[in-house]
Amino acid sequence: MSIPDLYPRLTEAIVHAERLEDEGRAADARAAYVYVSMLEEEVARELAASDPEGALARRGAVRAALKAQLFVRAAELAARYVVEVEAAQRSAAELRAMEQEARVAFEAQVPPDVRVVSTARYRIRDDAA
Amino acid sequence: MKLDLTRLREVHPLLPESTAAELVHRAALALQRRHRPGVEFTATVDGVVTTGSITWTECAPTDADQLDRHRVTEDGAEAVALSLVHAERGWTVRRRLQRGEHADWLLRDDRQGLVALEISGTDDGDDAVRMQEKLAQVLRNDDVMQRAACVVRFREPRATLKLVPEAFR
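Heads up: the protein sequence lines correspond to chains A and B, in order.
So in this note's numbering, spot 108 of the first sequence is number 108, and the numbers just go up one at a time.
Counting the second sequence from 1 gives a position; this note's numbering is that position plus 1000.
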């Protein structure tokens, strides 16, 4: 399912679960939060951990599982997402290091011996001379 | 500025139809405590005051008998605030946020930037104090670049929208 399909369902599910919670219907609210957690997990599958909306969905899947009192599910999701987030952070750190390496290399670059001429005068021939 | 609550779903396509209908119905009930559709409406957006009108489809006042008054005010404020942020800023709803995320809604601006929006409503309470509370709340959301709070007061009616300055990040 795509994000434009998932988001309206998710909004509706959250509004419904919070309403039940406010009305003190604890058992119904817990059931509703199971569905919220599943939808947040679906969104998390679609979006990278490094994406702010992906990060929100990962937290949302765990948060809703806790509200549903599905503690094993909450722990498993949290453990999985921590790995994804750490991988994204590692990747970001590596990219930052590579950016720095490229900048240092550029600064240290020895000026070329050959003068670069922006417009060269030559003609491309199809046949060999 | 003319806010037409009946167009809420049209301007926020990712808002579920049932949710939009419910919020608009609650807004109608909250507004109808004192006003009729087309009433003058004042919006203060980041300190700039604009006057216009707000319109909705009238509903039976008895509808409110079965609903919690506070819930009607809060839900009604969401309809008005979401309508206002689209009219004034071009923001559109992405999704509802769960409690604990320090904002009610995640929206997107016209440059694809994300906005966390916290909304509150009051019938005739102190909206300035409420705004300070809501700004403090949304300040704790650090997922997105833009954070804002909107407080709606139904007595006049009026609404205030404030963005958290980037310096507070």
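Here a beta-carbon is modelled for each residue, glycine too, at the ideal position from N, C-alpha and C.
TODO: Give the DSSP bridge partners of residue 1121(B), in chain order.
DONE: Your numbering for residue 1121(B) matches position 121 in the second sequence. Per DSSP, 1152(B).
TODO: May I have the straight-line CA-CA distance separating residue 46(A) from residue 1143(B), to the nearest angstrom?
DONE: Position 46 of the first sequence, counted from the start, is the residue given in the question as residue 46(A). Position 143 of the second sequence, counted from the start, is the residue given in the question as residue 1143(B). Distance between the alpha carbons of residue 46(A) and residue 1143(B): 18 Å.
TODO: With a cut-off of 8 Å on the beta carbons, I'd call residue 1041(B) and residue 1003(B) a contact; round off their distance for me.
DONE: Locating residue 1041(B) in the second sequence gives position 41, counting from the first residue. Locating residue 1003(B) in the second sequence gives position 3, counting from the first residue. Confirmed, about 6 Å.
TODO: Give a yes or no on whether the C-beta atoms belonging to residue 1023(B) and residue 1083(B) are separated by under 7 Å.
DONE: Here residue 1023(B) corresponds to residue number 23 of the second sequence, with the count starting at 1. Here residue 1083(B) corresponds to residue number 83 of the second sequence, with the count starting at 1. No, these two residues do not count as a Cβ contact at 7 Å.
- [ ] Tell whether a beta-carbon distance below 7 Å holds between residue 1151(B) and residue 1123(B).
- [x] Numbered from its first residue, the second sequence carries residue 1151(B) at position 151. Numbered from its first residue, the second sequence carries residue 1123(B) at position 123. Remark: C-beta atoms of residue 1151(B) and residue 1123(B) do not approach each other more closely than 7 Å.
Open item on the list: I need the DSSP call for residue 50(A), collapsed to helix, strand or coil.
Closed with: What you label residue 50(A) is simply residue 50 of the first sequence in a count that begins at 1. Residue state, collapsed to three classes: coil.
Task: Unbroken beta strand (DSSP E) run spanning residue 1062(B), endpoints - done: Taking the first residue of the second sequence as 1, we reach residue 1062(B) at position 62. Run containing residue 1062(B): none; DSSP gives neither H nor E here.
Task: Cβ of residue 1143(B) within 7 Å of any chain A Cβ - done: Here residue 1143(B) corresponds to residue number 143 of the second sequence, with the count starting at 1. For residue 1143(B), the nearest CB of chain A lies under 7 Å from its own CB, placing it at the interface with that chain.
Task: Cross-chain neighbours of residue 1019(B) in chain A, by beta carbon under 7 Å - done: As a working note, residue 1019(B) is residue 19 in the second sequence. Those within 7 Å of residue 1019(B) in chain A are 11, 12, 15.
Task: Nonlocal neighbours in the same chain, by C-beta distance under 7 Å from residue 66(A), ignoring five residues either side - done: Numbered from its first residue, the first sequence carries residue 66(A) at position 66. The residues are 74.
Open item on the list: Suppose contacts are defined by Cβ-Cβ distances below 7 Å. Is residue 17(A) in contact with residue 33(A) by that definition?
Closed with: For the purposes of this step, residue 17(A) is taken as the residue at position 17 of the first sequence. For the purposes of this step, residue 33(A) is taken as the residue at position 33 of the first sequence. A contact, by the Cβ cut-off of 7 Å.
TODO: Output the boundary residues of the alpha helix (DSSP H) element that contains residue 1083(B).
DONE: Along the second sequence, read from residue 1 onward, the residue named residue 1083(B) stands at position 83. Note, residue 1083(B): alpha helix (DSSP H), 1069-1089.
Task: chain A contact residues for residue 1100(B), given Cβ-Cβ distances below 7 Å - done: Position 100 of the second sequence, counting from 1, holds the residue named residue 1100(B). Simply 63.
- [ ] Report the neighbours of residue 1015(B) on chain A: residues whose CB is nearer than 8 Å to its CB, in chain order.
- [x] Within the second sequence, numbered from 1, the residue matching residue 1015(B) stands at position 15. Under the 8 Å cutoff, chain A gives 8, 11.
Task: C-beta contact flag for residue 1079(B) and residue 1027(B) at 7 Å - done: Along the second sequence, read from residue 1 onward, the residue named residue 1079(B) stands at position 79. Along the second sequence, read from residue 1 onward, the residue named residue 1027(B) stands at position 27. In terms of Cβ geometry, residue 1079(B) and residue 1027(B) form a close pair [threshold 7 Å].
Open item on the list: Considering just the uninterrupted stretch of the beta strand (DSSP E) at residue 1159(B), what are its terminal residues?
Closed with: For this step, residue 1159(B) is matched to residue 159 along the second sequence. From DSSP, the beta strand (DSSP E) with residue 1159(B) extends over 1158-1163.
Open item on the list: Tell me the rounded alpha-carbon separation between residue 49(A) and residue 38(A).
Closed with: Position 49 of the first sequence, counted from the start, is the residue given in the question as residue 49(A). Position 38 of the first sequence, counted from the start, is the residue given in the question as residue 38(A). One C-alpha to the other measures close to 17 Å.
- [ ] Return the chain-ordered list of same chain residues with a C-beta closer than 8 Å to the C-beta of residue 1199(B), the five sequence neighbours on each side being excluded.
- [x] Only positions 1001 to 1169 of chain B appear in this structure, which leaves residue 1199(B) out of reach.
Task: chain D contacts from the segment 1077-1101 of chain B (Cβ-Cβ distance under 8 Å) - done: Going by chain labels, chain D is absent from the structure shown, which instead holds the protein chains A and B.
TODO: Go through its chain and collect everything with a Cβ distance to residue 64(A)'s Cβ below 7 Å, but skip five positions before and after it.
DONE: Stepping through the first sequence from its first residue, residue 64(A) is reached at position 64. 33, 36, 37, 40, listed in sequence order.
Task: Own chain residues within Cβ distance below 8 Å of residue 1046(B), not counting five before or after - done: What you label residue 1046(B) is simply residue 46 of the second sequence in a count that begins at 1. The residues are 1161, 1162, 1163.
TODO: Under 7 Å Cβ to Cβ from residue 68(A), same chain only, skipping five residues before and after it: list those, please.
DONE: Residue mapping note: residue 68(A) aligns to position 68 of the first sequence, counting from 1. Cβ within range, chain order: 30, 33, 34, 37.
Task: CA-to-CA distance, residue 81(A) to residue 99(A), given in whole angstroms - done: Locating residue 99(A) in the first sequence gives position 99, where the first residue counts as 1. Locating residue 81(A) in the first sequence gives position 81, where the first residue counts as 1. When rounded, the distance between both Cα atoms is 27 Å.
Open item on the list: Looking at chain A, is there any beta carbon in it that lies within less than 7 Å of the beta carbon of residue 1023(B)?
Closed with: Here residue 1023(B) is taken as the residue at index 23 of the second sequence, counted from 1. No, its Cβ sits nowhere closer than 7 Å to a Cβ of chain A.
Task: Backbone secondary structure at residue 2(A) - three-state DSSP - done: The residue you call residue 2(A) lines up with position 2 of the first sequence. Coil, per DSSP.
Open item on the list: Taking DSSP's pairing of strands, which residues face residue 1053(B) in a bridge?
Closed with: Taking the first residue of the second sequence as position 1, residue 1053(B) is located at position 53. According to DSSP, which records beta bridges pairwise, residue 1053(B) is partnered with 1002(B), 1040(B).
Open item on the list: Just verifying my parser: in three-state terms, what is the DSSP assignment at residue 1097(B)?
Closed with: Locating residue 1097(B) in the second sequence gives position 97, counting from the first residue. Correct three-state label for residue 1097(B): coil.
Task: residue 1073(B) versus residue 1157(B): straight-line alpha-carbon distance, rounded - done: Translated into positions along the second sequence, residue 1073(B) becomes position 73. Translated into positions along the second sequence, residue 1157(B) becomes position 157. Approximately 12 Å, taken between the alpha carbons.
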